[in-house]
Amino acid sequence: MNVPNEKIAQLEDFAYQIRRLSLEMITCGHWGHPGGSLSLAEILAVLYFHVLRVDPQNPAWEERDRLILSKAHSSPALYASLALKGFFPIEDLYRYCQIGGIEGHTDMRRTRGIESSGGSLGMGLSIAVGLAWGLRKKEYTKTRVYCIVGDGESTSGNIWEAAMSASHYHLDNLITIMDYNKVMAKGFVWDEMAIEPVRLKWEAFGWDVIEIDGHDIQEINAAFYKARWVMPRGKPILIIAHTVKGRGIEETEFNYKWHTQHPTPEEADQMLRELSARYGKPIEGYSRLHK
Amino acid sequence: MTSVNETNANLQMREIFGLTLAELGAAHEDILVLDADLHTSTRITYFKDRFPNRFIQAGIAEQNLFGLAAGMALAGFTPFPCTFASFVARKSIDQFALSICFPALNVKVPGSYVGVPTSKAGASHNSFEDIAFMRTIPNLKVADPGDAADMRAVMKTAYETPGPVYFRVVRYALPDMFGDDHTFEWGKGRLIRKGTDVTLFGTGMMTDRCIKAAVLLEKEGISAEVIHLASIKPIDSEMIVESVSKTGCAVTAENASIIAGFGAAVAEVLVENFPVPLKRIGVRDQWIDSGEIEELFAFYKMQPEDIAAAAVQSIRMKEGRSK
Numbered sequence: 001m002n003v004p005n006e007k008i009a010q011l012e013d014f015a016y017q018i019r020r021l022s023l024e025m026i027t028c029g030h031w032g033h034p035g036g037s038l039s040l041a042e043i044l045a046v047l048y049f050h051v052l053r054v055d056p057q058n059p060a061w062e063e064r065d066r067l068i069l070s071k072a073h074s075s076p077a078l079y080a081s082l083a084l085k086g087f088f089p090i091e092d093l094y095r096y097c098q099i100g101g102i103e104g105h106t107d108m109r110r111t112r113g114i115e116s117s118g119g120s121l122g123m124g125l126s127i128a129v130g131l132a133w134g135l136r137k138k139e140y141t142k143t144r145v146y147c148i149v150g151d152g153e154s155t156s157g158n159i160w161e162a163a164m165s166a167s168h169y170h171l172d173n174l175i176t177i178m179d180y181n182k183v184m185a186k187g188f189v190w191d192e193m194a195i196e197p198v199r200l201k202w203e204a205f206g207w208d209v210i211e212i213d214g215h216d217i218q219e220i221n222a223a224f225y226k227a228r229w230v231m232p233r234g235k236p237i238l239i240i241a242h243t244v245k246g247r248g249i250e251e252t253e254f255n256y257k258w259h260t261q262h263p264t265p266e267e268a269d270q271m272l273r274e275l276s277a278r279y280g281k282p283i284e285g286y287s288r289l290h291k
Numbered sequence: 292m293t294s295v296n297e298t299n300a301n302l303q304m305r306e307i308f309g310l311t312l313a314e315l316g317a318a319h320e321d322i323l324v325l326d327a328d329l330h331t332s333t334r335i336t337y338f339k340d341r342f343p344n345r346f347i348q349a350g351i352a353e354q355n356l357f358g359l360a361a362g363m364a365l366a367g368f369t370p371f372p373c374t375f376a377s378f379v380a381r382k383s384i385d386q387f388a389l390s391i392c393f394p395a396l397n398v399k400v401p402g403s404y405v406g407v408p409t410s411k412a413g414a415s416h417n418s419f420e421d422i423a424f425m426r427t428i429p430n431l432k433v434a435d436p437g438d439a440a441d442m443r444a445v446m447k448t449a450y451e452t453p454g455p456v457y458f459r460v461v462r463y464a465l466p467d468m469f470g471d472d473h474t475f476e477w478g479k480g481r482l483i484r485k486g487t488d489v490t491l492f493g494t495g496m497m498t499d500r501c502i503k504a505a506v507l508l509e510k511e512g513i514s515a516e517v518i519h520l521a522s523i524k525p526i527d528s529e530m531i532v533e534s535v536s537k538t539g540c541a542v543t544a545e546n547a548s549i550i551a552g553f554g555a556a557v558a559e560v561l562v563e564n565f566p567v568p569l570k571r572i573g574v575r576d577q578w579i580d581s582g583e584i585e586e587l588f589a590f591y592k593m594q595p596e597d598i599a600a601a602a603v604q605s606i607r608m609k610e611g612r613s614k
């Protein structure tokens, strides 16, 4: 089902804001993972502003959809999405990695809207499987569990234990998105470990697989629609989202050096100017350049 | 089926655990039990048979087991992921620590087959490090019950306590120490036997051996106080200090490694509050071998006689006669 053009433009703008805020908070916090945050922007924009049944005024609503970010180092993009959605003030993002502020990875007890605590890779899908099992047991038939996994963390055995169990339990209320951004912490995925053929592996584990361009809003939306309404029942669904690590800024794209690295305020200023130009927005640099 | 209310000194603690879990399950519909292909060993079969729809088979995938439990807790259930303690402590400690304890999720984790008495499985299945590992994890409470009534009380309290709990289940039968009215409270020890010369602090199955050691010591004219500390974390610092301020020396006994374990927890309380001589009984930086159970206890010097000998040494240290 296609999304109207105005909605597409709105979601594109949210993706832009998620990228901007991710870079702002990483720069301000002097720590973080720009690459994996930037690759997730469109996926999170579509999830939080078109797909997820969540209510910032009532974050504990029992029948809400859940999003588990297994690749929790991409937390800046998630925090930015939550702030934009209204779970907490945008200003709080500037307390990233400060004591008592926002946790470097994810701490569900500290930040409104965060659904799990994580950071050690390979573990989030298991939580999502348990959650999907539990919510089905509670007969919350409208509720879906979304889990974002990384391509890099799919080298972990725990992911495959979880994948096997999800299909064993026939969890069709579980939709997993792989942010296949092709780059791990220290190089290209295929140089570090042979994860291909990704699609065949997940299919062999009993999943239905959809493969999309993870930066195309229309395709992302269509995949979520299909996963929710069209696919046959009884199986968990994986959306392989082909993305570009560090998407949006030439220096960071497919560049493992920007997996974990914070820009200097001057670098961030340049990056954000480039980003705004690329999105056809008024040129805007780093908001705290001289603070 | 065996009733949990019968007094069964010949029932292994895992049996008491399995029966109690089924009873808790009958009373509380939010309890889920997860298995990693060991239900007849851990004795969660009792729960499985009565509540098959609340029993989840996770396969031999312990890392996933703990992640599943975390997710089920997030959905509002009270999961008991059940496997051997060695797999909790060694195979899936990151999942347990980060996915469950960091967000303080309501998951209750029994560590089965703890310490020395683990059939003849040997090093891979004998957990001696679990107390040490669990003790360092924030938000986690740790207990090692000493008899059937204590197991039932620990499990009842564990269910009623919000947040994660780890408790030890030994594959061993223990004589009754407490009556049916026994209760368990976090951070509270139990005075089992009064004494004046030395305090024997026991946890789990080793408290029974401390009692037997006290009887041996009595024959030598030594008055030993015995305190049972099922709650390892939090630990009853007050009772520990109060007792040694009277006896002036102590022995700890645990069915686990003495390194960073229960004896170390008591030692921490003592050195920071009331330093007195202390001897520790337990596994001493060794892997646990295959063998007949009682022979293994003798081999690792964890018999009542060993506790009594350590008590004499501790008293000598107190009196300044130690080398």
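Protein sequences appear in the order of chains A and B. Going left to right, the first sequence walks through residues 1 to 291 as my numbering numbers them. Going left to right, the second sequence walks through residues 292 to 614 as my numbering numbers them. Even for Gly, the Cβ is constructed at its ideal location relative to N, Cα and C. Fair warning: this is a prediction, and the values are worked out from it, not measured in the lab.
Where the alpha helix (DSSP H) containing residue i begins and where it ends
{"i": "B/Lys510", "result": "Met497 to Lys510"}
{"i": "A/Ile217", "result": "Ile217 to Tyr225"}
{"i": "A/Met164", "result": "Gly157 to His168"}
{"i": "B/His330", "result": "His330 to Thr333"}
{"i": "A/Leu78", "result": "Ser75 to Lys85"}
{"i": "B/Ser522", "result": "From DSSP, B/Ser522 is part of no alpha helix (DSSP H) but of the beta strand (DSSP E) over Ser522 to Lys524."}
Contact under 8 Å by Cβ, residue i with residue j
{"i": "B/Val542", "j": "B/Lys570", "result": "yes"}
{"i": "B/Glu461", "j": "B/Asn546", "result": "Looking at the sequence provided, one finds Val at residue 461 of chain B rather than Glu. Going by C-beta atoms, B/Val461 is nearer than 8 Å to B/Asn546."}
{"i": "B/Pro466", "j": "B/Asp441", "result": "no"}
{"i": "B/Gly480", "j": "B/Leu520", "result": "yes"}
{"i": "B/Gly362", "j": "A/Gly234", "result": "no"}
{"i": "A/Ala185", "j": "A/Tyr96", "result": "no"}
{"i": "A/Leu174", "j": "A/Val129", "result": "yes"}
{"i": "A/Ile148", "j": "B/Ser390", "result": "no"}
{"i": "B/Phe387", "j": "B/Phe357", "result": "yes"}
{"i": "A/Trp61", "j": "A/His262", "result": "no"}
{"i": "A/Leu121", "j": "A/Gly150", "result": "yes"}
{"i": "B/Leu491", "j": "B/Ala602", "result": "yes"}
{"i": "A/Pro265", "j": "A/Thr27", "result": "yes"}
{"i": "A/Lys85", "j": "A/Tyr146", "result": "no"}
{"i": "A/Ser70", "j": "A/Gly124", "result": "yes"}
{"i": "B/Arg484", "j": "B/Glu516", "result": "yes"}
{"i": "B/Cys392", "j": "B/Asn344", "result": "no"}
{"i": "B/Glu586", "j": "B/Leu507", "result": "no"}
Candidates the options: closest to residue i by CA position
{"i": "A/Asn2", "options": "A/Gly86, A/Pro236, A/Lys226 and A/Gly280", "result": "A/Lys226"}
{"i": "A/Glu219", "options": "A/Ala45, A/Tyr286 and A/Gly29", "result": "A/Ala45"}
{"i": "B/Ser377", "options": "B/Pro566, B/Ala423, B/Val489 and B/Phe588", "result": "B/Ala423"}
{"i": "B/Glu332", "options": "B/Phe458, B/Gln348, B/Ile572 and B/Thr374", "result": "Just to set this straight, residue 332 of chain B is Ser in the shown sequence, not Glu. Answer by Cα proximity: B/Thr374."}
{"i": "A/Leu21", "options": "A/His290, A/Glu284 and A/Lys291", "result": "A/Glu284"}
{"i": "B/Tyr457", "options": "B/Ser410, B/Ser403 and B/Glu509", "result": "B/Ser403"}
{"i": "A/Asn221", "options": "A/Gly32, A/Arg247, A/Val51 and A/Trp31", "result": "A/Val51"}
{"i": "B/Gly539", "options": "B/Ile549, B/Ser548, B/Val562 and B/Pro525", "result": "B/Val562"}
{"i": "B/Val574", "options": "B/Ile513, B/Ala360, B/Pro370 and B/Glu420", "result": "B/Glu420"}
{"i": "B/Phe371", "options": "B/Ala380, B/Ile584, B/Ser548 and B/Met446", "result": "B/Met446"}
{"i": "A/Leu272", "options": "A/Lys291, A/His290, A/Ala163 and A/Ile249", "result": "A/Ile249"}
{"i": "B/Pro394", "options": "A/Leu93, A/Asp107, A/Pro4 and A/Glu103", "result": "A/Asp107"}
Burial state of residue i (16 or more Cβ within 10 Å)
{"i": "B/Ile598", "result": "buried"}
{"i": "B/Phe588", "result": "buried"}
{"i": "B/Ala318", "result": "exposed"}
{"i": "B/Asn355", "result": "buried"}
{"i": "B/Val557", "result": "buried"}
{"i": "A/Leu23", "result": "buried"}
{"i": "A/Ile99", "result": "exposed"}
{"i": "B/Ser613", "result": "Note on B/Ser613: pLDDT 48, under 50, position unreliable in the model; the coordinate value appears next. Burial call: exposed."}
{"i": "B/Ile351", "result": "exposed"}
{"i": "B/Met292", "result": "With a pLDDT of 38 at B/Met292, under the threshold of 50, the modelled position of this residue cannot be trusted; read the value that follows with caution. So B/Met292 counts as exposed."}
{"i": "B/Asp435", "result": "buried"}
{"i": "B/Asn296", "result": "Unreliable placement is indicated for B/Asn296, whose pLDDT of 43 sits below 50; the coordinate value is still reported in the next sentence. Exposed, since its Cβ has fewer than 16 Cβ neighbours within 10 Å."}
Inter-residue CB distance, residue i and residue j (contact presumed, cutoff 8 Å)
{"i": "A/Gly36", "j": "A/Asp179", "result": "7 Å"}
{"i": "B/Pro568", "j": "B/Ser605", "result": "5 Å"}
{"i": "A/Pro56", "j": "A/Phe87", "result": "5 Å"}
{"i": "B/Gly437", "j": "B/Met496", "result": "7 Å"}
{"i": "A/Thr243", "j": "A/Ser39", "result": "4 Å"}
{"i": "B/Ser418", "j": "B/Gly406", "result": "7 Å"}
{"i": "A/Ile18", "j": "A/Ala77", "result": "5 Å"}
{"i": "A/Leu238", "j": "A/Trp202", "result": "5 Å"}
{"i": "A/Phe254", "j": "A/Lys182", "result": "7 Å"}
Residue i at chain C interface by Cβ criterion, 8 Å
{"i": "A/Met108", "result": "You won't find chain C in this structure, because its protein chains are A and B."}
Boundaries of the beta strand (DSSP E) in which residue i is found, first to last residue
{"i": "A/Glu196", "result": "Where A/Glu196 is concerned, there is no enclosing beta strand (DSSP E), given that its DSSP letter is neither H nor E."}
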